[in-house]
Each structure stands twice: as structure tokens, then as C-alpha cells.
Amino acid sequence: MLDFTFATQQEICTELATRLKRQRLAQSLTQKDLAERAGLALGTVKNLEGKGISSLESFIRVVVALGLVDELATLFELKTAQSIAQMERAQLAERKRAPRSGSKA
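Reading the sequence shown from the start, the letters are residues 1 to 105 in full-length UniProt numbering.
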């Protein structure tokens with residue numbers, strides 16, 4: 001299994017695509033079946049599985065079609081802080097707003 005810590009973006013994309021393909025095969029689905037379930041073109045599924053190329057929306061459609069949506073539940077949750085300083089930084093990070101468009105930073 002790939003260690004995402006040291007992987008390139010392309011390696012991560014390829015690994016995720018491979019995992020989705022394994023899930024599809026474990027469910028005895030063809031790429032065409034998956035495309036139909038996900039409401040996508042067959043070429044979109046082929047590009048995802050073969051090249052690791054997909055829009056976020058298409059990726060999520062495939063995840064949902066494979067019944068893996070629960071896997072996304074904790075994907076980017078804020079980690080529990082270990083120290084008071086980390087808790088303060090996390091709290092400040094939640095309060096910050098993105099700069100307004102057109103304003104100079």
C-alpha cells in the first residue's frame with residue numbers, strides 16, 4: 001500500500017484510482033455498469049481508473065455508486081489538538097476568513 005506522506009500527487013491519484021477499480025471488481029461490476037450507476041460517461045470511468053484523472057464531482061459520483069460514501073465521512077476532519085497551543089491555533093484557524101476578492105493582501 002502506498003504511503004501518502006511521501007507520494008507525489010500523481011501517485012496518490014493513481015493509488016486512489018486503483019483502489020476504486022478493486023472495489024468495482026469486488027462488486028463484479030463492469031466499467032459500463034459503474035458509469036451507468038454513477039450517471040457518468042464510460043470514458044470518464046475509464047480515465048479515472050486508467051489514468052487517475054477525474055473531476056472531484058465525478059470521483060464522488062463513483063464513490064457513491066460503489067457504496068463507499070461512508071469512507072468520506074472523516075476524510076478532512078480537523079484533528080484533535082494535543083496541547084493548549086495547538087487548540088488555540090486550531091480555534092484561530094477556524095475563525096479566519098479568506099481575503100475578499102479584489103482586495104490586496
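No residue lacks a Cβ here, since even glycine has one placed at the ideal position from N, Cα and C.
Query	Result
Under 7 Å between the Cβ atoms of Gly52 and Ala26?	no
Between the Cα of Ala65 and the Cα atoms of Leu2, Met87, Gln23 and Thr14, which residue gives the shortest distance?	Gln23
Mind checking which residues open and close the alpha helix (DSSP H) that includes Leu100?	In the sequence under discussion, the amino acid at residue 100 is Arg, which differs from the Leu named in the question. From DSSP, Arg100 is part of no alpha helix (DSSP H); its letter is neither H nor E.
Can you confirm whether the segment 61-81 touches the segment 26-35 when touching is taken to mean that 3 or more C-beta pairs between the two stretches lie within less than 8 Å?	yes
Would you kindly work out how many angstroms separate the C-alpha atoms of Met87 and Glu94, rounded to a whole number?	11 Å
When you compare each of Ser101, Leu78 and Thr44 to Gln91 by their alpha carbons, which one comes out closest?	Leu78
Assuming Leu20 contacts Leu48 under a Cβ cut-off of 8 Å, what Cβ separation, rounded to an integer in Å, is found between them?	7 Å
What number of angstroms, rounded off, separates the C-alpha of Cys13 from the C-alpha of Met1?	13 Å
Quick check for students: name the residue ranges of the alpha helix (DSSP H) that lie wholly in the segment 13-98, counting only runs of 4 or more.	31-38, 42-51, 56-65 and 84-95
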